[in-house]
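To start, the structure under review is shown below, and the notes come after it.
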DNA sequence: TCCGACAGTGAACAACCGTACACTCAAGGC
DNA sequence: GCCTTGAGTGTACGGTTGTTCACTGTCGGA
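Protein chains in written order, with this note's numbering: chain A, 7 to 224; chain B, 7 to 224.
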């Protein structure tokens, strides 16, 4: 009560563009906060602005509609996802157990950006709106990037592009399932986390076990 | 314009319970219809009753809240899912290509009950409400049933229960991914449908290819 | 130094929401 | 044949929603 506010604002707002960017961020963060316990469809413009500490009409200075705010969140969340893929590339370079390393980077990134991952996984199929569409597009791109990565492996050198995409999609789907399990786990439950990780590794191991024997059909 | 109404009501409603059941169905069907283009969170009680041709307050004679209506929809949709599993069991009994047969039954059932499958896949992660919880529980049960089925196969005789569940989960996840692809496909596009089916078969083939070489670790 | 641009304000609106309440009127047990 | 039960009606309410409009005050370029 007597203590100062927890969030300390960087005292002087300097330039005008910085001010604007700051409330834009406040809006995005407000939405992300509210999205912890509700789907995007359950958010109202007024709620978000209230949470951001701004009057409702100010919203329109930054976004034309809630959908536009949502698409911005997609872009932001996808960046997090891409960062993870890059980190996975780097991290597995030094190790022999690629699966273990990949799942580990996944785990770390999910725990560090729960809100982004929650948003992506929840809204992916939530409706037919612009947000689900945007996520679908970005996830296809993401899967393609992974396919390119996969093409470098010895076992996969002579796989067709189509089969590589199939494999990449399967891996992405499995990974996203793991993400959801992690997000639904009771926070701080170390034991559950390890079970989920072990399961994710098993799944990947099983899938990749089939790779050497793969013979593409018509 | 001059023609009679398309839907012909079975003229006399007979008993009172039947009447009640009929408007209950009307409410459920109204919801399913509206859910074709919106998420459950985007439905309002008033909308549903209007679509059902009933006054808003009549809703409470059947459900205490929209959530309760949603849970009823889960039960109904899960029944469809279970019917599918049973059909798959029967259908694959006569064939050698189990994968092809299973994917085929999946396809037929999805196309015959698009609304149920759309509801399940969309609302599965849509939030943290009673509906998502109900779906999660039912899907776990479903996965367990599949695991029991799997245990009968020669290749899987000596797999641990944990590994069987892992495999069942993986298969369910892959199947649901196929369902979503089918639901998102442009209706009536035969070519796209076949591509999706072929892809689904490939995915399953790859996963099951790893089975003979599986060695469970600590 | 002045002046325009513009991020944020505050009041007002029409539309919709869930729900309470008093009601009608036909079905079905006695 | 009467009387209770209860599915469906109609009105009314208080609250929330998205969006409009005219406004204020300050930052930053001329």
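No residue lacks a Cβ here, since even glycine has one placed at the ideal position from N, Cα and C. Please read all numbers here as calculations on a predicted model, not as lab measurements.
Residue i versus residue j: straight-line alpha-carbon distance, rounded
{"i": "residue 8 (chain A)", "j": "residue 45 (chain B)", "result": "Because the pLDDT of residue 8 (chain A) is 35, which lies under 50, any placement of that residue in the model is unreliable, and the question is left without a value."}
{"i": "residue 161 (chain B)", "j": "residue 214 (chain B)", "result": "10 Å"}
{"i": "residue 184 (chain B)", "j": "residue 22 (chain A)", "result": "49 Å"}
{"i": "residue 79 (chain A)", "j": "residue 137 (chain A)", "result": "9 Å"}
{"i": "residue 28 (chain A)", "j": "residue 57 (chain A)", "result": "14 Å"}
{"i": "residue 121 (chain A)", "j": "residue 127 (chain A)", "result": "10 Å"}
{"i": "residue 12 (chain A)", "j": "residue 157 (chain A)", "result": "Bear in mind that a pLDDT of 36 at residue 12 (chain A), under 50, signals an unreliable position, so the number given afterwards is only what the model happens to contain. The straight-line gap from Cα to Cα measures roughly 49 Å."}
{"i": "residue 85 (chain A)", "j": "residue 74 (chain B)", "result": "38 Å"}
{"i": "residue 182 (chain B)", "j": "residue 170 (chain B)", "result": "18 Å"}
{"i": "residue 111 (chain A)", "j": "residue 146 (chain A)", "result": "21 Å"}
{"i": "residue 91 (chain B)", "j": "residue 24 (chain A)", "result": "57 Å"}
{"i": "residue 218 (chain B)", "j": "residue 152 (chain A)", "result": "27 Å"}
{"i": "residue 221 (chain B)", "j": "residue 49 (chain A)", "result": "47 Å"}
{"i": "residue 154 (chain A)", "j": "residue 30 (chain A)", "result": "35 Å"}
{"i": "residue 223 (chain B)", "j": "residue 62 (chain B)", "result": "58 Å"}
{"i": "residue 178 (chain B)", "j": "residue 139 (chain A)", "result": "24 Å"}
{"i": "residue 118 (chain B)", "j": "residue 102 (chain B)", "result": "25 Å"}
{"i": "residue 35 (chain A)", "j": "residue 43 (chain B)", "result": "28 Å"}
Buried or exposed by the 16-neighbour rule on C-beta atoms within 10 Å, applied to residue i
{"i": "residue 159 (chain A)", "result": "exposed"}
{"i": "residue 129 (chain A)", "result": "buried"}
{"i": "residue 141 (chain A)", "result": "buried"}
{"i": "residue 167 (chain A)", "result": "exposed"}
{"i": "residue 196 (chain B)", "result": "exposed"}
{"i": "residue 39 (chain A)", "result": "exposed"}
{"i": "residue 131 (chain B)", "result": "buried"}
{"i": "residue 124 (chain B)", "result": "buried"}
{"i": "residue 100 (chain B)", "result": "exposed"}
{"i": "residue 180 (chain B)", "result": "buried"}
{"i": "residue 37 (chain A)", "result": "buried"}
{"i": "residue 194 (chain B)", "result": "exposed"}
{"i": "residue 225 (chain B)", "result": "Any answer about residue 225 (chain B) is impossible in this case: the structure gives chain B only from 7 up to 224."}
{"i": "residue 280 (chain A)", "result": "This structure cannot speak to residue 280 (chain A), because chain A is shown only from 7 to 224."}
{"i": "residue 55 (chain A)", "result": "buried"}
8 Å Cβ shell around residue i - same chain, five flanking residues per side excluded
{"i": "residue 16 (chain A)", "result": "Only weak support exists for where residue 16 (chain A) lies, its pLDDT of 46 falling under 50; the coordinates are left without a value."}
{"i": "residue 109 (chain B)", "result": "184, 203, 206, 207, 210"}
{"i": "residue 190 (chain A)", "result": "none"}
{"i": "residue 186 (chain B)", "result": "127"}
{"i": "residue 104 (chain B)", "result": "98"}
Anticipated Cβ contact below 8 Å, residue i with residue j, distance rounded
{"i": "residue 94 (chain A)", "j": "residue 60 (chain A)", "result": "At roughly 38 Å, the Cβ-Cβ gap does not stay under 8 Å, so residue 94 (chain A) and residue 60 (chain A) are not in contact."}
{"i": "residue 107 (chain A)", "j": "residue 97 (chain A)", "result": "5 Å"}
{"i": "residue 87 (chain B)", "j": "residue 65 (chain B)", "result": "Going by Cβ atoms, the distance from residue 87 (chain B) to residue 65 (chain B) rounds to 27 Å, so no, they are not a contact pair."}
{"i": "residue 216 (chain B)", "j": "residue 216 (chain A)", "result": "4 Å"}
{"i": "residue 173 (chain B)", "j": "residue 188 (chain A)", "result": "Rounded, the Cβ-Cβ distance is 20 Å, inconsistent with contact."}
Other residues of its chain near residue i: CB distance less than 6 Å, five sequence neighbours each side excluded
{"i": "residue 175 (chain B)", "result": "149"}
{"i": "residue 69 (chain A)", "result": "75"}
{"i": "residue 115 (chain A)", "result": "90"}
{"i": "residue 72 (chain A)", "result": "51"}
Same chain, Cβ closer than 7 Å to residue i, five either side skipped, listed in chain order
{"i": "residue 53 (chain A)", "result": "40"}
{"i": "residue 83 (chain B)", "result": "122, 125, 126"}
{"i": "residue 47 (chain B)", "result": "132, 133"}
{"i": "residue 192 (chain B)", "result": "198"}
{"i": "residue 77 (chain B)", "result": "136, 137, 140"}
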